[in-house]
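Worksheet: the structure to be examined is printed underneath.
Protein chains: 2
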Amino acid sequence: MNKETIGQEFRALQLFICNELERIDGTAKFSEDAWDRLEGGGGKTRTIRNGSLIEKGGVAFSEVYGPVSEEMKTQLKLDGNHFYATGVSIVLHPNNPHVPIIHMNVRYFELDNGIYWFGGGIDLTPHYVIHDQAILFHKQLRTVCNKYDESFYAKFKEWADEYFSIPHRAETRGVGGIFFDHLNNHFQLNKEQLFRFCLDLGESFPFIYEEQADLGRNKLVTAAEKQWMNYRRGRYVEFNLVHDRGTKFGLFSGGRTESILMSLPPLAEWEYNYKPDVNSLEGQTLTYLSQKHTYL
Amino acid sequence: MNKETIGQEFRALQLFICNELERIDGTAKFSEDAWDRLEGGGGKTRTIRNGSLIEKGGVAFSEVYGPVSEEMKTQLKLDGNHFYATGVSIVLHPNNPHVPIIHMNVRYFELDNGIYWFGGGIDLTPHYVIHDQAILFHKQLRTVCNKYDESFYAKFKEWADEYFSIPHRAETRGVGGIFFDHLNNHFQLNKEQLFRFCLDLGESFPFIYEEQADLGRNKLVTAAEKQWMNYRRGRYVEFNLVHDRGTKFGLFSGGRTESILMSLPPLAEWEYNYKPDVNSLEGQTLTYLSQKHTYL
Numbered sequence: 015m016n017k018e019t020i021g022q023e024f025r026a027l028q029l030f031i032c033n034e035l036e037r038i039d040g041t042a043k044f045s046e047d048a049w050d051r052l053e054g055g056g057g058k059t060r061t062i063r064n065g066s067l068i069e070k071g072g073v074a075f076s077e078v079y080g081p082v083s084e085e086m087k088t089q090l091k092l093d094g095n096h097f098y099a100t101g102v103s104i105v106l107h108p109n110n111p112h113v114p115i116i117h118m119n120v121r122y123f124e125l126d127n128g129i130y131w132f133g134g135g136i137d138l139t140p141h142y143v144i145h146d147q148a149i150l151f152h153k154q155l156r157t158v159c160n161k162y163d164e165s166f167y168a169k170f171k172e173w174a175d176e177y178f179s180i181p182h183r184a185e186t187r188g189v190g191g192i193f194f195d196h197l198n199n200h201f202q203l204n205k206e207q208l209f210r211f212c213l214d215l216g217e218s219f220p221f222i223y224e225e226q227a228d229l230g231r232n233k234l235v236t237a238a239e240k241q242w243m244n245y246r247r248g249r250y251v252e253f254n255l256v257h258d259r260g261t262k263f264g265l266f267s268g269g270r271t272e273s274i275l276m277s278l279p280p281l282a283e284w285e286y287n288y289k290p291d292v293n294s295l296e297g298q299t300l301t302y303l304s305q306k307h308t309y310l
Numbered sequence: 015m016n017k018e019t020i021g022q023e024f025r026a027l028q029l030f031i032c033n034e035l036e037r038i039d040g041t042a043k044f045s046e047d048a049w050d051r052l053e054g055g056g057g058k059t060r061t062i063r064n065g066s067l068i069e070k071g072g073v074a075f076s077e078v079y080g081p082v083s084e085e086m087k088t089q090l091k092l093d094g095n096h097f098y099a100t101g102v103s104i105v106l107h108p109n110n111p112h113v114p115i116i117h118m119n120v121r122y123f124e125l126d127n128g129i130y131w132f133g134g135g136i137d138l139t140p141h142y143v144i145h146d147q148a149i150l151f152h153k154q155l156r157t158v159c160n161k162y163d164e165s166f167y168a169k170f171k172e173w174a175d176e177y178f179s180i181p182h183r184a185e186t187r188g189v190g191g192i193f194f195d196h197l198n199n200h201f202q203l204n205k206e207q208l209f210r211f212c213l214d215l216g217e218s219f220p221f222i223y224e225e226q227a228d229l230g231r232n233k234l235v236t237a238a239e240k241q242w243m244n245y246r247r248g249r250y251v252e253f254n255l256v257h258d259r260g261t262k263f264g265l266f267s268g269g270r271t272e273s274i275l276m277s278l279p280p281l282a283e284w285e286y287n288y289k290p291d292v293n294s295l296e297g298q299t300l301t302y303l304s305q306k307h308t309y310l
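First to last, the sequence lines map onto chains A and B.
Going from the first sequence to the working numbering is simple: count from 1 and add 14.
Going from the second sequence to the working numbering is simple: count from 1 and add 14.
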């Protein structure tokens, strides 16, 4: 289980997911930009737009390596001299407000001093929350988790609740999912098994998304619902730019801006102090997002 | 020159600016939300929307005080026990892409140990940069500065160039302006004079904006220009949420979110890796914003 294998399999995972998403979307195709990192490595950013389902989305692969910079030593508290990092990350913004925004990320990091870890997560951000649909999502995640460790789902669901929150709005980003970081040999699984877990999650992603998308993609949409979608996309922008640690680290460490910000929606709206009627579907969604939920 | 006077005059400044902006806009009126801060003080947030000129804008006044929290001690390196802070801040998003976005802020801060300072700034963010129009703006600012200290304009223009930049895009936010902070008795002006400078800048604001707005508000607008405006508004969102120290401090110190984020545009667009033709007006604006300019 060396780093080259992990990188190659993550690159294959990106292509697998893109193929599946093209099948699910039905009309749009991904295009690819390859980029190089000056200090070592690079990536392939694949994006899709104006599909039958996906209005704007990206599936990014990167594999970067090189000396551990002073900034990384301070910010990430690393004490090796050389690092290697690879991962796949995805954000999809659908055109129909009855389909949720979805995000997934799996990543691997290692230092030349023998330290390594896996991280990742997947979370769902419905514009209109339907509790039963969120349960389906969490069931899928638990099924994948349970194949590897029966304690994973409960632990990683908690972690996601904490991570995918917007403190300045006192809201969660959506209905959560799972989040994990620093998985390594301190866990009961070996490196190969942890890697298989990440891959399995990645390979399950298109089918989990398909199930969610199929429940909403054919619903009729009003202009008011589209506007509400844009307000919710505004919150997505706020989370990503103000709180998301991955985005901030990328922007401040000189990553490729267009690849990092492919997560932003095609359009977002802000209206000062907008408050929907608490009994409307929009108001119910806001109330839902201000509380903590269990799904399973 | 006590703090109560400064607070009262800043509140009067807010009302003066709002009246002038209503006159300039011609149709829309401000509405006001008053809010209280649990630990002491509060504010009046005045917003305007869907005018003949201003699509979305806010003029906020706040006057807050209380014990210096542990977080403030660490983050702001303050060593008094009680603080008082008051200020007026403004962001206006016009409906016509040929009118620039404008921002202004004046503020006063004091501690019970006798330390005080004034801060502020004003900067212009054209969707389409016209160099001669930027010169007019800078001339107005220099005129105000020179009434108080002939060294101010040059110093504060440099400071604005540094502050209003978007490192992750290698662009400036716009054509700059002036920025200043920690003006106090270490300067040649006394407290009263520094305060008069801030007030004068605030009172000049509507006329400076009017001059800029009149140069663009009657220009015809194409759909492509509207889209470009939305992309530029996207950059404004990125600056405010990723880099602006005032916004970040407000959000992380538990300020009133809707008052802090009144600076966000009504609408913003992101398109992956969008690159206008370098010879188009859009491309020329991007090239302009990637360089440093002098105006006077």
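Built from N, CA and C at the ideal position, the CB exists for glycine as well.
Note that the coordinates shown come from a computational prediction; the quantities given were computed from them, not determined experimentally.
{"Check": "Give a yes or no on contact between the segment 175 to 191 of chain A and the segment 27 to 41 of chain B, applying the rule of three or more CB pairs nearer than 8 Å.", "Outcome": "no"}
{"Check": "How far does the alpha helix (DSSP H) with P108 of chain A in it reach, from first residue to last?", "Outcome": "Careful: P108 of chain A lies outside any alpha helix (DSSP H), inside the beta strand (DSSP E) at H96 to P108."}
{"Check": "Between G101 of chain A and I136 of chain A, how many whole angstroms is the CB-CB distance? I'm expecting something under 8 Å.", "Outcome": "About 13 Å separates the two Cβ atoms, so there is no contact after all."}
{"Check": "If the cut is a Cβ gap below 8 Å, which residues of chain B does K108 of chain A touch?", "Outcome": "Per the sequence presented here, residue 108 of chain A reads as Pro, with Lys not at that position. None at all; the shortest Cβ gap to chain B is about 15 Å."}
{"Check": "For the segment 34 to 50 of chain A, list every residue whose C-beta sits within 7 Å of some C-beta in chain B, in sequence order.", "Outcome": "D47"}
{"Check": "Check whether the segment 295 to 306 of chain B touches the segment 261 to 275 of chain A, taking contact to mean three or more Cβ pairs, one atom from each stretch, closer than 8 Å.", "Outcome": "no"}
{"Check": "Measure the Cβ-Cβ separation of N244 of chain B and L281 of chain B and say whether it is below 7 Å.", "Outcome": "yes"}
{"Check": "Is the distance from the Cβ of P140 of chain B to the Cβ of P114 of chain B below 7 Å?", "Outcome": "yes"}
{"Check": "If T227 of chain B sits next to L67 of chain B, beta carbons under 8 Å apart, how far is it from one beta carbon to the other, in whole angstroms?", "Outcome": "Looking at the sequence provided, one finds Ala at residue 227 of chain B rather than Thr. That belief holds up - the Cβ atoms of A227 of chain B and L67 of chain B are roughly 6 Å apart, short of 8 Å."}
{"Check": "Could you check whether the Cβ of L1 of chain A sits closer than 7 Å to any Cβ belonging to chain B?", "Outcome": "With chain A covering only 15 through 310, there is no way to say anything about residue 1 of chain A."}
{"Check": "Could I get the ranges of all uninterrupted alpha helix (DSSP H) runs contained in the segment 64 to 150 of chain B, with 4 residues as the minimum, in chain order?", "Outcome": "84 to 90"}
{"Check": "Could you check what DSSP says for F266 of chain B in three-state terms: helix, strand or coil?", "Outcome": "helix"}
{"Check": "Output yes or no for whether 7 Å exceeds the beta carbon distance between M276 of chain A and Y288 of chain B.", "Outcome": "no"}
{"Check": "Go ahead and pull the three-state DSSP assignment for S218 of chain A.", "Outcome": "helix"}
{"Check": "For the candidate residues B:T41, B:I129 and B:E252, whose alpha-carbon lies nearest to that of N198 of chain B?", "Outcome": "B:I129"}
{"Check": "Per DSSP, which residues does D47 of chain B bridge with? Please list them.", "Outcome": "B:T59"}
{"Check": "For the pair the segment 69 to 84 of chain B and the segment 48 to 55 of chain B, tell me if three or more CB-CB distances fall below 8 Å.", "Outcome": "yes"}
{"Check": "Give the list of continuous alpha helix (DSSP H) stretches no shorter than 4 residues that lie fully inside the segment 189 to 266 of chain A.", "Outcome": "205 to 228, 237 to 252 and 259 to 266"}
{"Check": "Per DSSP, E185 of chain A forms a beta bridge with which residues?", "Outcome": "A:I180"}
{"Check": "At a CB-CB cut-off below 8 Å, which residues of chain A make contact with E272 of chain B?", "Outcome": "Y286 and N287"}
{"Check": "I'd like to confirm the pairing. Which residues does DSSP put opposite A11 of chain A in its beta bridges?", "Outcome": "Absent from the model: residue 11 of chain A. The displayed extent of chain A is 15 to 310, so no value can be given."}
{"Check": "Buried or exposed: where does T236 of chain A fall if 16 or more other Cβ atoms within 10 Å of its Cβ makes it buried?", "Outcome": "exposed"}
{"Check": "May I have the straight-line CA-CA distance separating F193 of chain A from I144 of chain A, to the nearest angstrom?", "Outcome": "21 Å"}
{"Check": "Kindly indicate which residue of B:G94, B:D50 and B:E124 has the alpha-carbon position closest to the one of M15 of chain B.", "Outcome": "B:E124"}
{"Check": "How big is the Cα-Cα spacing for T19 of chain A and H182 of chain B?", "Outcome": "32 Å"}
{"Check": "Just checking my contact of Y122 of chain A with A99 of chain A at CB under 8 Å: how many whole Å lie between their CB atoms?", "Outcome": "7 Å"}
{"Check": "I need the DSSP call for E23 of chain B, collapsed to helix, strand or coil.", "Outcome": "helix"}
{"Check": "Roughly how many whole angstroms lie between the Cα atoms of D214 of chain A and N110 of chain A?", "Outcome": "28 Å"}
{"Check": "Mapping the DSSP letters down to three states, classify S277 of chain B as helix, strand or coil.", "Outcome": "helix"}
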